[in-house]
Amino acid sequence: LACQNLLMKNSDEVPITGKVRVFITENRTTSESALASQLAAGDLIDICGELKRCAKPDNPEDYDFSIYFRKQKIDATLSVKIPEAVTMLKKSDDYSWSRVRTAVHNWFKTLIVSHTSESTQPVALALLLGERTQLSAKVRQEFSQSGLIHFLAISGLHIGFFSVFVWSICHILNLPRTVTV
253 LACQNLLMKN SDEVPITGKV RVFITENRTT SESALASQLA AGDLIDICGE LKRCAKPDNP
313 EDYDFSIYFR KQKIDATLSV KIPEAVTMLK KSDDYSWSRV RTAVHNWFKT LIVSHTSEST
373 QPVALALLLG ERTQLSAKVR QEFSQSGLIH FLAISGLHIG FFSVFVWSIC HILNLPRTVT
433 V
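Residues in the sequence shown are numbered consecutively from 253, following the working numbering.
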């Protein structure tokens with residue numbers, strides 16, 4: 253998220269700039285997934301959480317997320333305990349590729365959820381959209397033991413399928429090549 257203001261504990265508001273990676277630490281709930289489907293790139297939101305700089309790990313053998321976040325131009329992380337700590341202030345009227353991608357992703361997710369049983373949804377979401385957060389530890393372990401854990405990552409095959417889908421839509425709409433490239 254791009255930041256505009258920081259409200260301190262003493263109620264002072266400080267103007268800031270930069271990007272923050274937000275983590276909602278509570279297990280996924282209905283309210284959170286409903287919130288995620290309402291938010292899109294460019295929306296103005298208010299979040300209450302614990303802000304931290306991206307620090308190097310205490311253990312030198314651990315993965316250094318601070319390097320990863322620096323490459324992504326992310327300045328800090330914000331831990332949010334409950335989805336209700338996120339409030340929509342203003343919907344953006346701007347339509348960017350990120351908003352379109354999010355809308356398409358949410359549309360596919362809705363289709364998957366509505367056409368699969370509760371027991372198969374986590375696997376379908378992981379295989380088709382790369383959403384592994386709902387997978388149980390047992391299912392992850394089974395994929396790992398069977399040597400098929402790599403299927404849970406979005407692979408070149410998935411990107412190929414998506415490219416063919418987009419190319420087909422552009423072809424059906426008879427868009428000129430300069431637009432489709």
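Cβ atoms here follow ideal geometry from the backbone N, Cα and C, with glycine treated the same way.
In the three-state DSSP reduction, N262 falls in the coil class, being neither helix nor strand.
Here DSSP, grouped into helix, strand and coil, assigns I299 to strand. Rounded to the nearest whole angstrom, the CA to CA distance from T372 to W359 is 18 Å.
Closest in alpha carbon position to F275, among A337, P374, N426, H367, is A337. Within the segment 330-377, complete beta strand (DSSP E) segments of at least 3 residues are found at 338-342, given in chain order. For A307, the three-state secondary structure derived from DSSP is coil. The shortest C-alpha to C-alpha distance from V391 to any of I424, V375, E383 is the one to V375. K271 sits exposed, since fewer than 16 C-beta atoms from the chains shown fall within 10 Å of its C-beta. Take L296, set aside five residues on each side of it, and the residues of its chain with a beta-carbon closer than 6 Å to its own are L341, K342, in chain order.
Collapsing the DSSP output to three states places A293 in coil. Here D298 has T339, L341 as same chain residues with Cβ atoms under 7 Å from its own Cβ, once five neighbours each way along the sequence are excluded. I424 carries a helical assignment under DSSP once its states are collapsed to helix, strand and coil.
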